[in-house]
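Counting in numbering that gives the first Met the number 0, the sequence shown tops out at residue 308, every number present.
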Amino acid sequence: MNFQQLRIIRETVRQRFNLTEAANVLLTSQSGVSKHIRDLEDELGFEIFVRRGKRLLGLTDPGREVAAVIERILLETQNLEELSSSIAQRACGTLVIATTHTQARYSLPGVIAEFKKAFPDVRLTLKQLSPKDIASVLLEGLADVGIATDTLEHNPQILTFPFYSWEHVIIVPKSHPLARRKKVTLEDIAPYPIITYDEGLTGRARIDDAFQKASLVADVAMTALDADVIKAYVELGMGVGIIASMAFDEERDTNLTRIVTPGLFESNTSSIAVRRGRFLRGYVYRFIEMCAPDITEAHVRTADRTASP
């Protein structure tokens, strides 16, 4: 048994049992991948994968247990590598943050500026992703920290902590009839085409729930991944926008009017998350504390120890 075999098993699972894709990721041949799998199965005395001819269809029951153990082994191996590097260069390295465009553009600039002053030798990478992809990037070890709304809380391998709460707001062109209203209701918005986030993103479910509870049908004419796109089309007069409150910039969005409607939509909470069991360098904990001072290193470590496997 060797680490190459373990990596091959893990990558085969990640690539949905496609041996060609697994071989491409690991920069080896498909035949080599197949041989390593067979050698490990022979050593263990049982099959890890369900097969149909030469195709792999999934994991056997014992194969699922093997895959879980391999994941833990390789995670701890990565942790040892990180620990060694951290001891050698405690204030140097890379911090990778997986987050959405809205968070990267509107919520994090101040924190990142503060972090760079404190850790000038740490290279910071922002991976701007769909909220649905952030969890998988954390689990694959491709990011140290994830920040999103609604998509990180229900995975037992991820530790999540509340970052901050926010609400949706209405935006319209300054010439729009609603721009002159002191108070706007869902009944006022419903007759207009609505431009907002894609389903499953940035609290979209709370927008849909609000209309449903009011027995109204929202005419969602256009959806997008981020607020800047929504604002661009609202500015063209194509509909009424519903965006995250922090995504409206009074200095930049001068052609739009923001209508704050407290209680119209249920509030949202963005979460900051790390993979359970992953070694984190000291500056990762400091970044998390800069985002939310209550989430200290001790708090994260305690939550990691007490989290369910």
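Built from N, CA and C at the ideal position, the CB exists for glycine as well.
These numbers were taken from a predicted model, which means no experiment stands behind them.
* Given that a residue counts as buried once 16 or more other Cβ atoms are within 10 Å of its Cβ, and exposed if not, what is Phe-2? -> Result: exposed.
* Asked: Does the pairing of the segment 271-286 with the segment 111-121 give three or more beta-carbon distances under 8 angstroms?
  -> Touching, yes, given that three or more Cβ pairs across the two stretches are closer than 8 angstroms.
* Per DSSP, Ser-164 forms a beta bridge with which residues? -> Looking at the DSSP output, Ser-164 bridges to Thr-268.
* Within the segment 67-139, ranges of the beta strand (DSSP E) (whole runs, at least 3 residues) -> The qualifying runs are 92-98 and 121-127.
* So, is Ala-87 buried or exposed, given that buried needs 16 or more other C-beta atoms within 10 angstroms? -> Low per-residue confidence applies at Ala-87: pLDDT is 45, beneath 50, and the placement is therefore not dependable enough to give any value.
* Just tell me which of Val-49, Ile-8, Val-12 and Arg-63 has its CA closest to the CA of Ile-36. => The option with the nearest alpha carbon to Ile-36 is Ile-8.
* DSSP on Thr-159, reduced to helix/strand/coil? -> Secondary structure of Thr-159 (DSSP, three-state): strand.
* Pull up the distance between the alpha-carbon of His-153 and that of Ala-134, whole angstroms please. => If I take the Cα positions, the gap works out to 10 angstroms.
* Asked: In this structure, does DSSP put Phe-278 in helix, strand or coil?
  -> It is coil, neither helix nor strand.
* Asked: At which residues does the alpha helix (DSSP H) containing Val-216 begin and terminate?
  -> From DSSP, Val-216 is part of no alpha helix (DSSP H); its letter is neither H nor E.
* Asked: What is the residue span of the alpha helix (DSSP H) that Phe-2 lies within?
  -> It spans 2-13 - the alpha helix (DSSP H) in which Phe-2 sits, taken as one unbroken run.
* the segment 288-298 contacting the segment 187-200, beta-carbon criterion three pairs below 8 angstroms -> Too few Cβ pairs lie closer than 8 angstroms, so no.
* Spell out the partners DSSP gives Val-259 in its beta bridges. => Partner(s): none; Val-259 has no beta bridge.
* Under the three-state DSSP convention, the category Phe-48 falls into -> Phe-48 carries a strand assignment under DSSP once its states are collapsed to helix, strand and coil.
* Which of the three DSSP states, helix, strand or coil, is assigned to Leu-39? -> Under the three-state reduction of DSSP output, Leu-39 falls in the helix class.
* Thinking Thr-310 and Asp-187 are a contact (beta carbons under 8 angstroms), I'd like their distance in whole angstroms, please. => Given a span of 0 to 308 for the chain in the structure shown, any question on residue 310 remains unanswerable.
* To do: Could you check what DSSP says for Ile-169 in three-state terms: helix, strand or coil?
  => In the three-state DSSP reduction, Ile-169 falls in the strand class (E or B).
* Taking C-beta to C-beta, are Val-168 and Thr-260 nearer than 8 angstroms? -> In this structure, Val-168 places its C-beta atom within 8 angstroms of the C-beta atom of Thr-260.
* Asked: Considering only residues of the same chain and omitting the five flanking positions on each side of Thr-19, which have a CB-CB separation below 7 angstroms?
  -> Answer for Thr-19: Gln-29, listed in chain order.
* Asked: Val-273 and Val-144 look like a contact to me (Cβ under 8 angstroms); what is the Cβ gap, rounded to whole Å?
  -> Right, the Cβ-Cβ distance comes to about 6 angstroms (below 8 angstroms), so this counts as a contact.
* Asked: What residue range is occupied by the uninterrupted alpha helix (DSSP H) comprising Val-183?
  -> For Val-183, no alpha helix (DSSP H) run applies, since DSSP gives it neither H nor E.
* Residues that Arg-54 bridges to, as DSSP identifies them -> Per DSSP, Arg-51.
* **Beta-carbon gap between Thr-309 and Ser-270 smaller than 8 angstroms** => Only positions 0 to 308 of the chain appear in the structure, and residue 309 is not among them; the question remains open.
* **Residue burial classification, Ile-310 (beta-carbon count within 10 angstroms, cutoff 16)** => Any question about residue 310 goes unanswered here, given that the chain covers just 0 to 308.
* **Contact belief for Gly-236 with Met-221 at Cβ below 8 angstroms, rounded distance in angstroms** => No, Gly-236 and Met-221 are not in contact; Cβ-Cβ is about 12 angstroms, not under 8 angstroms.
* Asked: What do you get for Ile-258, buried or exposed, if any count of 16 or more other CB atoms within 10 angstroms of its CB means buried?
  -> Answer is buried; the Cβ neighbour count reaches 16.
* Measure the alpha-carbon distance for Pro-192 versus Ser-214 and round it to whole angstroms. => Each residue's Cα considered, the two are about 17 angstroms apart.
* Asked: In its own chain, which residues sit with a C-beta less than 7 angstroms from the C-beta of Leu-263, not counting the 5 before and 5 after it?
  -> So the qualifying residues of the chain are Leu-185 and Ala-209.
* Asked: Who are Gly-145's beta bridge partners in DSSP?
  -> In the DSSP output, where bridge partners are listed per residue, Gly-145 has Ala-97 and Ala-272.
* Limits of the beta strand (DSSP E) - the one that Ala-243 falls within -> Element bounds for Ala-243: 239-243.
* **Contacts around Lys-173, its chain only, beta-carbon distance under 8 angstroms, and the 5 residues preceding and following it disregarded** => So the list reads Asn-254, Leu-255 and Thr-256, once near-sequence residues are dropped.
* Between Leu-73 and Ala-67, what straight-line distance do the alpha-carbon atoms span, to the nearest angstrom? -> Rounded to the nearest angstrom, the two C-alpha atoms are 10 angstroms apart.
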